[in-house]
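In my numbering, the protein residues as written are 330 to 645.
Here's the structure, in structure tokens; my notes come after.
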Amino acid sequence: MNTQVALWVGFNVFVLAMLALDLGLFHRKDHAVTPKEAGLWTLVWITLSLIFCAGIWHYQGPTVGLQWLTAYVVEYALSVDNLFVFLMVFSYFRVAPEHQHRVLFWGILGAFVMRAGLILAGTALVKQFHWLIYLFGAFLVFTAVKMLVSKDEEIDPEQKGIVKFARRVLPVARLGEGSRFMVQEDGRSKFTPLFIVLLVVEATDLLFALDSIPAVLGISQDAFIIYTSNVCAILGLRSLFFVVASLMDKFHFLKVGLSAILGFVGVKMLITFFDIHLHIGISLGVIAGILLAAIIASLVWPKQPDPGQDRESAKT
């Protein structure tokens, strides 16, 4: 028990120290993150994650190590879908590039708390009521089909309940001030529009967690494995956003790949009812293969431009 507590505390202290170093030293001044800078940070987070995985592998064995790596890959892949939403939210609210990093930074801290609660509750429930595995599996298959058949639609953040609720109950300033979340206006403290953007980011992450956490529960029911793989994936996601923000349209088959991954994990959870258990190495191979196929397909068959948009461009 003492060892487990030390692992939880040590991991969180290290992550918070790295984030403090990130914001306090490397991003102390607001600036637009360049693809090169974001690429280096993405490499740093992935390297740290793989080193942590190697430690898990060494001290807890290859089976647990593969579970962690598979959970990390699944969470990282599913979290990429967040990037599409973040990009649209930043574009809708006209968040300046130099302020986007700070919003994502504080959004991650909130994600830690929310996901920790969901993961601890989820693992405890599955251990107490094993039949929930089948319910989560069916939910993932349903989500996969829904993701596959649904059409891409423009997101209007103003219509989201969180935005309406925030504007109704919180004193919101008419104008923002740099990267601050609160300002003095009309003699009292008010939240800036940038704080509303942060709330949308938090709400979006919570919605995506409702899909991704059940998927990871299909790989492992160890709360520490699920939590640490989630956190490591989210840490890398923030810098990855600035790498792929300009490349979103190039990977148009990624949505199909993510749908296939959700479906695969859902079916994997359901077939345990018949005492069929896939080796974790096979699961990792299938998931990595789906991701690779989606990326290659996107490059081989690039997305065709919308004729309607071309006509509009010609008119202007």
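C-beta: ideal position from N, C-alpha, C; glycine also.
Name the DSSP beta bridge partners of residue i, please?
{"i": "methionine 511", "result": "Phe520"}
{"i": "valine 501", "result": "Phe520"}
Taking residue i as the reference, which of the options has the closest Cα?
{"i": "leucine 621", "options": "Leu372, Lys365, Ala406, Phe571", "result": "Ala406"}
{"i": "threonine 332", "options": "Gln389, Ala544, Thr472, Gly547", "result": "Gln389"}
{"i": "methionine 476", "options": "Phe419, Ser627, Phe571, Leu587", "result": "Leu587"}
{"i": "tryptophan 294", "options": "Ile491, Met347, Val492", "result": "Residue 294 lies beyond the residue range present for the chain, which begins at 330 and ends at 645; the question has no answer from this structure."}
{"i": "alanine 445", "options": "Tyr556, Asn341, Trp374", "result": "Tyr556"}
{"i": "glycine 339", "options": "Ala367, Lys365, Arg423, Phe381", "result": "Phe381"}
{"i": "leucine 438", "options": "Ala626, Leu535, Ile616", "result": "Leu535"}
{"i": "leucine 583", "options": "Phe603, Ala626, Ser612", "result": "Ala626"}
{"i": "phenylalanine 580", "options": "Ser558, Ala440, Leu628", "result": "Leu628"}
{"i": "leucine 479", "options": "Ser612, Val585, Leu372, Asn341", "result": "One detail in the question is off: residue 479 reads as serine in this sequence, not leucine. When only C-alpha atoms are compared, the closest one is Val585."}
{"i": "leucine 528", "options": "Ile600, Val432, Thr452", "result": "Val432"}
{"i": "glutamine 563", "options": "Leu499, Val492, Phe441", "result": "The amino acid occupying residue 563 in the given sequence is isoleucine; glutamine does not appear at that position. The shortest C-alpha separation from isoleucine 563 is found at Phe441."}
{"i": "alanine 495", "options": "Lys632, Thr363, Glu531", "result": "Glu531"}
In its own chain, which residues sit with a C-beta less than 8 Å from the C-beta of residue i, not counting the 5 before and 5 after it?
{"i": "arginine 509", "result": "Thr521, Leu523"}
{"i": "leucine 469", "result": "Asp540, Pro543, Ala544, Gly547, Leu591, Gly592, Val594, Gly595, Met598"}
{"i": "glycine 610", "result": "Leu395"}
{"i": "leucine 569", "result": "Ala367, Thr371, Val409, Leu412"}
{"i": "threonine 452", "result": "Leu546, Gln550, Asp551, Ala552, Ile555"}
{"i": "tyrosine 401", "result": "Ser378, Cys382, Ser558, Cys561, Ala562"}
{"i": "leucine 336", "result": "Phe553"}
Going along the chain, which residues of its own chain have a beta-carbon closer than 6 Å to the beta-carbon of residue i, five neighbours each way excluded?
{"i": "glutamine 429", "result": "Phe419"}
{"i": "alanine 502", "result": "Val512, Glu514, Lys519, Thr521"}
{"i": "valine 414", "result": "Thr533"}
{"i": "methionine 443", "result": "Leu535"}
{"i": "glycine 368", "result": "Val572"}
{"i": "phenylalanine 422", "result": "Val526"}
{"i": "phenylalanine 397", "result": "Before going further, note that residue 397 is tryptophan rather than phenylalanine in the sequence given. Closer than 6 Å at Cβ, skipping near neighbours: Cys382, Ile385, Ile554, Ser558."}
Within a Cβ cutoff of 7 Å, which residues of the same chain sit near residue i, ignoring the five residues on either side of it in sequence?
{"i": "leucine 449", "result": "Ala552"}
{"i": "leucine 607", "result": "Lys597"}
{"i": "tryptophan 386", "result": "Gly394"}
Can you have a look at residue i and say buried or exposed, based on whether 16 or more other CB atoms are within 10 angstroms of its CB?
{"i": "isoleucine 605", "result": "exposed"}
{"i": "glycine 618", "result": "exposed"}
{"i": "glycine 466", "result": "buried"}
{"i": "alanine 623", "result": "buried"}
{"i": "leucine 614", "result": "First, the amino acid is wrong: residue 614 is glycine here, not leucine. That one is exposed."}
Where are the beta strand (DSSP E) runs, 3 residues long or more, that stay fully inside the region 517 to 563, in chain order?
-> 517 to 520
In the region 394 to 464, which residue ranges form an unbroken alpha helix (DSSP H) of at least 4 residues, counting only runs that do not cross its ends?
-> 426 to 457
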